[in-house]
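Notes follow once the structure below has been shown.
2 protein chains.
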Amino acid sequence: MTVAQSEIRAGAYYDSVVLMQLQKALAGLPGVLDAGVVMATPANLELLEASGLLTPEAKTAKADDLLIVVKGEDSAAAAHALSQVNELLQRRRTSTSQTFRPKSLAAAAKQLPQAQWVLVSVPGRFAAGVARDALDLGKHVFLYSDNVSLADEIQLKQTARDKGLLVMGPDCGTAIINGVGLGFANRVRRGRIGLVAAAGTGLQAVSSHIHNLGGGISQAFGTGGRDLKAEVGAITTHQGLQFLAHDPDTEVIVLISKPPAPQVVTGLVAAAQQINKPVIINFIGYPPPARQLGNLFFATTLAEAAELAVATRRLGTEDWRFATNQSLVSSPQPRFLRGLFSGGTLAYEAVLGLQAVLSPLFSNVPITPEQKLADPLVSQGHTILDLGEDIFTQGRLHPMMDNDLRLRRLRQEAADPETGLIYLDVVLGEGAHPDPAYELAPAIAAVKQNRPDLAVVVLIIGTDGDPQDVNKQMEQFAAANATLFRHPTEALLHITRHLTIHNQYPHTPITLSSPLVALNVGVESFYDSLIGQGAEAVQVEWRPPAGGNEKLMALLARMKN
Amino acid sequence: MTVAQSEIRAGAYYDSVVLMQLQKALAGLPGVLDAGVVMATPANLELLEASGLLTPEAKTAKADDLLIVVKGEDSAAAAHALSQVNELLQRRRTSTSQTFRPKSLAAAAKQLPQAQWVLVSVPGRFAAGVARDALDLGKHVFLYSDNVSLADEIQLKQTARDKGLLVMGPDCGTAIINGVGLGFANRVRRGRIGLVAAAGTGLQAVSSHIHNLGGGISQAFGTGGRDLKAEVGAITTHQGLQFLAHDPDTEVIVLISKPPAPQVVTGLVAAAQQINKPVIINFIGYPPPARQLGNLFFATTLAEAAELAVATRRLGTEDWRFATNQSLVSSPQPRFLRGLFSGGTLAYEAVLGLQAVLSPLFSNVPITPEQKLADPLVSQGHTILDLGEDIFTQGRLHPMMDNDLRLRRLRQEAADPETGLIYLDVVLGEGAHPDPAYELAPAIAAVKQNRPDLAVVVLIIGTDGDPQDVNKQMEQFAAANATLFRHPTEALLHITRHLTIHNQYPHTPITLSSPLVALNVGVESFYDSLIGQGAEAVQVEWRPPAGGNEKLMALLARMKN
């Protein structure tokens, strides 16, 4: 009969590699059927139970206890295995390669003063402290550790930005700096495509695919999954974009993340639009505003992002420069868009496109709950109205037939000094008003006479066969000084250029010295990997301060300050 | 001093065209500055107030009262204008063109028995009744009216489907049947592209753009905005797809809507995948699973949907037939996907892609709240797990370094008879496990020996330069009978074909006789437009039953049944 026996070690610190290797070594001993070596979190206890490894004793372990369980063919085998634990841990200790190991980051920095990077992969509760020490030493930080607080992340990144340093992470799995992979990274050729990615395997999938397609990577920055939260404000992503914008070795930029916070999206898109290079964007799962918007190319999948990056390079850049070379109109204070639509789907598509570039955006056909316009009769911020919605059409013809409501709202919006641009759709065809321009164009001319600064954009949907005669319609609107478009995406690009506030992002410039030299604190295989790639590196023989005792740690920290 | 005077008419029915024309006529009278003729809904009262037209009397009007307000230069002018109302309404009445007008739909059907269509644009509360009468007469219904209840919509559409009839709408703005535009429709050439669209101006924007690009339309079905709600189940959309699938004049299909209900998405995508023609899909704002998935092409914008439709025709069909000609594996009972990912972004992208084709789908990295997996340790339905999430990595190495957790979960999933396919990612590169296939491939071979019916799909991310040697990794997985992919989208297509239940959609076939002949009940300009396009049509001189009195209407309805 098989027997599971366990041992609990409270308070001891071992790194995860040691634990994995101990589990494998135990499972390989004679008479041992299975083994588990884990921190005794509730999830891990459940996992042990699923494997038939949960002993009665194990159930009493606390989340920060180390739990060692062995399932043997009999109790003697299990007991024998458990008696080997100390020796197995010791054997592991002596198998390392690096002869002398500094015990602290400061000592390592003295040993290898030319190191610009510190890789941190110690447990989360210690990681922010190590990262802070690295910044104090003037080093960039690759912060692999997770379970770092948001407050620590914000403080570390703000400090780094002010010093012209990078903090990639926390929970940053991968980066490629000057041809050397940090953490998890595929070996790819160097080239002209620069990457900024929040997430680890997203960056790996894209960089691998670029390599497999024959392209190469200049630099690849990981930022950690929370960088695009509103609280962090995409500090590292903006730093990466700015670096790549000015990097002579980068021709094309790829920006990847899960859907960012709305206000972060508009900031990033505005920053990307100011870069005189093509930028491929894949906010995975965020509906793209268009396929192409000037120098911005929106991808649907990671693979497509890679394909676009390689294709954009091959295509050359004339295609998008045409659009970006138009001068940017920027205004000192925010001026708002007011979209007065007769078409519901056109209004909805406008919200979809504009939410990526204008903020705050409100609508009576919102895509997200925050976009819901409180009172459809009163615009606020950037507003897109579908005037064909039920509230506007009770006992009244659809606005495609009856212009009365639009004419009144047009005058109302023009009277609002916050309005910078009015956007109208004009849908021609059977059933629609026989001559919408006849009523709308004079009203546009009238409001523009009072407000010469006010831009009016008209999107015309129609064909040469429509009863209204699309060309005559366009002539009338042009005579009223409206800017005419027949494609929503062209209108979108025009509106973006007209209304976006073009921020300066005053980051201290970042220097990435070559070749890469690094100090590694934590997972030892990252050190091995650096050495394997020909980089110079030192492994720090890190132990938690005060043996991991939280109270003593707090005391030490206070003494230090 | 200007004076606003008003008149309230309770209970009277006028159609919206009459009201618009009355307002214009009043505003054009001498001494009149502005006029408003509206149903006295709260929104309309607010709108009147914004135009300075809200009299004290008007505030007392009820929502179903007709309110007539005139602002005159003085009270005499206003009073004179109001005294003209009856005469203006009378003048309008006699200006119509059609000499004899049947008073009922039944009479119209006798007058024009070859009519297959009834256009309904009477006020919402009367519309379902008229549509029901039309179905009883064996006619297709174009239901322009809004404010029809969801219950009525479901009942009308189910009735229609059983009879091989279409109900387009309610709130259906547009359609093009046999070259004739119904409701709002642009004049476009006939051609080989068939459209199904929930929304009015979406269909107009796409059909216009196709025409402007040189393409043409075979048929364009509107369905109304609620057709893709779970309750309605996309009855009309499925009917439209099935018609176009079998229509010899249609080569390419375009499907457009706002984001449908999740279970409706998977049903539509499965139906579209069974069509032996390219299908362009734009669920506006719904993140597409890929750019192309076999015969499905996902567009980002309305304009792009049109461009793809025209380009797909020009490209020919070899490109996608390659994929769809693989035989479809369908299973009599549902079998589930279990995705065990080491990469968070790859897991997230898998959820994004698979949510369009598999239902119900759960994950610990959900995109929508309903996808949240209750217990990450227990799979349910189709499940995608990111095993690198915090709960799995406390005190444990990342699954890209330590395969232990994946191996145990692999065996757990294989032991579940509901599991039909296991999907693993293997991310190679620096820092990752030195030989993942060495541990994973034997485990795959072992579970497949017990379960020969179980499919195992492995997605490999890596390059030829990676330390693990991607080719040797692939050889080991192939030897274990895993199906290998290096691109997520190819894996997605394979999984779809393997797991999708291919429903038969047993709709009664629909006949669209040519030329189009129609009866119009409601907005008269739709009748004018039909005649203008050369179609045969009759305008019904419709009046609400019992003069619009709800109680009498109910009584009449009961007497009829």
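Those protein sequences? They're chains Y and Z, same order as listed. Counted the way the numbering used here counts, the first sequence spans residues 1 to 561. Counted the way the numbering used here counts, the second sequence spans residues 1001 to 1561. For each residue, glycine too, the CB sits at the ideal point set by N, CA and C.
Across the stretch 1366-1400 of chain Z, CB contacts with chain Y closer than 9 Å involve Ile1367, Asp1375, Pro1376, Leu1377, Gly1388, Asp1390, Ile1391, Phe1392, Thr1393, Gln1394, Gly1395, Arg1396, Leu1397, His1398 and Met1400, in sequence order along the chain. Taking 8 Å as the upper bound for CB-CB distance, Y:Ile461 and Y:Asp425 are in contact here, some 7 Å apart. For Y:Glu87, no chain Z residue has a Cβ inside 9 Å of its Cβ, as the nearest lies near 22 Å away. Under the Cβ distance rule, Z:Met1001 does not count among the residues neighbouring chain Y, no pair being separated by less than 8 Å. Rounded to the nearest whole angstrom, the CA to CA distance from Z:Asp1034 to Y:Pro467 is 30 Å. Taking the C-beta atoms as reference points, Y:Lys448 is found no nearer than 8 Å to Y:Ala491. With a threshold of 16 other beta carbon atoms within 10 Å, Z:Glu1231 falls short and is exposed.
By the CB criterion at 8 Å, Z:Val1003 and Z:Val1032 fall outside the cutoff. For Y:His140, no chain Z residue has a C-beta closer than 7 Å to its own C-beta; the minimum C-beta separation is roughly 18 Å.
Residue environment: Y:Thr508 is assigned as exposed (fewer than 16 neighbouring CB atoms within 10 Å of its CB, all protein chains considered). Around the beta carbon of Y:Phe243, 16 or more other beta carbons lie within 10 angstroms, which makes this residue buried. Interface residue (Cβ-Cβ distance to chain Z less than 8 Å): Y:Ser208 is classified as such. Only residues of its own chain outside the window of five on either side were considered, and among them Phe1362, Ser1363, Asn1364, Pro1366, Ser1379, Gln1380, Thr1383 and Leu1385 have a CB closer than 8 Å to the CB of Z:Leu1373, listed in chain order. Residue contact check for Z:Leu1019 against chain Y: a CB pair falls below 8 Å.
In the displayed model, Y:Lys229 falls within coil according to three-state DSSP, outside both helix and strand. Listed by position along chain Z, the residues whose Cβ is nearer than 8 Å to that of Y:Gly52 form an empty set, because the closest Cβ is around 11 Å away. Residues of chain Y with a Cβ closer than 7 Å to the Cβ of Z:Gln1412 are, in chain order, Ala50. DSSP links Y:Gly222 through a beta bridge to Y:Ala197. Per the coordinates, the alpha-carbon of Y:Ser208 lies some 57 Å from the alpha-carbon of Z:Pro1515.
Taking C-beta separations shorter than 6 Å and ignoring five residues to either side along the sequence, the partners of Z:Ala1347 in its chain run Phe1341, Val1365, Ile1384 and Asp1386, following chain order. Burial is judged here by how many other beta carbons sit within 10 angstroms of a residue's own beta carbon; Y:Thr60 has fewer than 16 and is exposed. Residues of chain Y whose Cβ lies closer than 7 Å to the Cβ of Z:Ser1529 are, in chain order, Glu430 and Gly431. Taken in chain order, the unbroken stretches of alpha helix (DSSP H) that lie wholly in the stretch 1358-1432 of chain Z and span 4 residues or more are 1390-1393 and 1404-1414. Here Y:Ala198 really is in contact with Y:Leu228; their C-beta atoms are around 6 Å apart, less than 8 Å.
One thing to note: Y:Val521 has its Cβ no nearer than 8 Å to the Cβ of Y:Gln111.
With a threshold of 8 Å between beta carbons, Z:Gly1462 makes contact with chain Y. No Cβ-Cβ contact shorter than 8 Å links Y:Gly194 with Y:Thr237.
Taking a Cβ-Cβ threshold of 7 Å, the residues of chain Y close to Z:Asp1402 are Met20, in chain order. Within its own chain, the residues whose Cβ lies closer than 8 Å to the Cβ of Y:Leu405, once the five positions on either side in sequence are excluded, are Leu387, Phe392, Arg396 and Pro399, listed in chain order. Taking 8 Å as the threshold, the shortest C-beta distance from Y:Met39 to chain Z falls below it.
Counting only unbroken stretches of 3 or more residues, the beta strand (DSSP E) elements lying wholly within the stretch 1044-1112 of chain Z are 1065-1072, in sequence order.
Under the three-state reduction of DSSP output, Z:Asn1520 falls in the strand class. In the DSSP assignment, Y:Glu349 falls outside any beta strand (DSSP E) and within the unbroken alpha helix (DSSP H) covering Gly344 to Leu354. A distance below 8 Å between beta-carbons, with the five flanking residues on each side excluded, links Z:Ser1525 to the following residues of its chain, in chain order: Val1017. Taking 7 Å as the upper bound on Cβ-Cβ separation, chain Z lies near residues Lys258, Ile284 and Gly285 of the stretch 254-285 of chain Y. Leaving aside the five residues that flank Y:Ala78 on each side, the residues in its chain whose CB is nearer than 6 Å to its CB run, in chain order, Val3, Gln5, Val70 and Gly72.
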